[in-house]
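Below: the structure, in C-alpha cells.
Residue numbers (our numbering), protein chains in the order written: chain A, 1 to 146; chain B, 1 to 144.
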C-alpha cells in the first residue's frame, strides 16, 4: 500500500517537474539538441538540477541496509558496456533527436498534446515489444540449432 | 556552433530539474527503485509482477502534468504540423532503443550517473551525441 502511494506521488512530482521545466515541449528539447541552430541551453540545467539532487542523495540512501518500504534495493546488476547498451542508446538518441521526445515527456504529452503523445507512446511500447519478440525468437532459434 | 542563445529559461529549468531529482530520491529512499521512465513503461507492459505500482507511477506522471496545466493554463503550447509518420518512426526507435539500451534520459541520465554507473555514463554520452546529430538533421536537412 505504502509502496503504491509512493509510486503515485513520485510520478506526480516527476510529471510536474517535467512540465515546469517545459521538457514536455518537444520544440524546447530540439532547441537544445540542435546545436547548429539558435541554442536554448535549458535542458542542460534540467539534467544538472536533477543531478545536483540525486548525486548527493543517492550515495547517502544506498548506504542504508534497505529502503523504507521494501526488503532490498532493486538496483541494475549488469555492468557490461557492450553493443547492446551503446546500440540501444544510439537508436534512442536517433528517435529522440528526430522527435524531441524521450519517454517521460512523451507521457506528459498525452496530457498537453494528445495528438502527438498518444501515437508516440504507443510506438514506444510497440518498439519495446518488438525487441522482446526478436530476442525471444533468436533464443528459440539458438535452442533449435543447438 | 550555436549562433544565438534563445528562449533560455534557467530558473524554471533548474527548479523543474530539482523536482525530478526529488522524485527520484523519494522513489529510491522509499521503494528502493530507480525512477527510470522507459523501464517503468516497458515493465508495465511486459511483466505482470509489479504492474500495479508501475501503472500508478505512470498515472502520477500524467496527473502531475495535468496539475501544472491546470495551474498555468496556456503555458505549454502544443506543437503543430509535425509529420505523423516521423513521429511514429521516432517512437519505434525510442521504444526499441530504450529497451535494448536498458534506459533513457531519466534512468541512465539522472539516476545512473548519480550512482557513478559506467554503463549509464556511456549510454548518456551515446544518446546525447546521436541526439544532437539527428536533431540537426531534422532541422537543417529535413527542414521539419
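Note that beta-carbon positions come from the ideal geometry of N, C-alpha and C, so glycine has one too.
CB contact below 8 Å: residue i versus chain A
i: residue 51 (chain B); result: no
i: residue 10 (chain B); result: yes
i: residue 48 (chain B); result: no
i: residue 78 (chain B); result: yes
6 Å CB neighbourhood of residue i in its chain, flanking five on each side removed
i: residue 4 (chain A); result: none
i: residue 51 (chain B); result: 44
i: residue 34 (chain B); result: 107 and 111
Where residue i meets chain A, residues with beta-carbon distance less than 8 Å
i: residue 141 (chain B); result: Neighbours of residue 141 (chain B) on chain A: none; closest Cβ ~11 Å, over 8 Å.
i: residue 74 (chain B); result: Going along chain A, no residue has its Cβ under 8 Å from residue 74 (chain B), so there is no contact; the nearest lies around 11 Å.
Endpoints, the alpha helix (DSSP H) within which residue i is located
i: residue 31 (chain A); result: 26-33
i: residue 12 (chain B); result: 10-31
i: residue 103 (chain A); result: 103-112
i: residue 3 (chain A); result: 2-20
8 Å Cβ cutoff, residue i in contact with chain B
i: residue 23 (chain A); result: yes
i: residue 66 (chain A); result: yes
i: residue 1 (chain A); result: no
i: residue 133 (chain A); result: no
i: residue 107 (chain A); result: yes
i: residue 78 (chain A); result: yes
i: residue 63 (chain A); result: no
i: residue 137 (chain A); result: no
i: residue 118 (chain A); result: no
i: residue 140 (chain A); result: no
i: residue 31 (chain A); result: yes
Contacts of residue i in chain A (Cβ-Cβ under 7 Å)
i: residue 85 (chain B); result: Neighbours of residue 85 (chain B) on chain A: none; closest Cβ ~10 Å, over 7 Å.
i: residue 81 (chain B); result: Neighbours of residue 81 (chain B) on chain A: none; closest Cβ ~11 Å, over 7 Å.
Neighbouring residues, chain B, relative to residue i (Cβ below 9 Å)
i: residue 84 (chain A); result: 100, 101 and 102
i: residue 90 (chain A); result: 97, 101, 126, 127, 129 and 130
Within chain B, the residues that residue i reaches when beta carbons sit closer than 7 Å
i: residue 57 (chain A); result: 25
Listed by chain order, chain D residues near residue i by CB distance under 8 Å
i: residue 130 (chain A); result: Included in the structure are the protein chains A and B, with no chain D among them.
Ignoring anything shorter than 4 residues or poking outside the stretch 44-106 of chain B, list the alpha helix (DSSP H) runs there in chain order. List check, alpha helix (DSSP H) in window: 51-71 and 84-100.
Which runs of the beta strand (DSSP E) at least 3 residues long sit entirely within the stretch 41-69 of chain A? Give them in chain order. With a minimum length of 3 residues, no continuous beta strand (DSSP E) run stays inside the stretch 41-69 of chain A.
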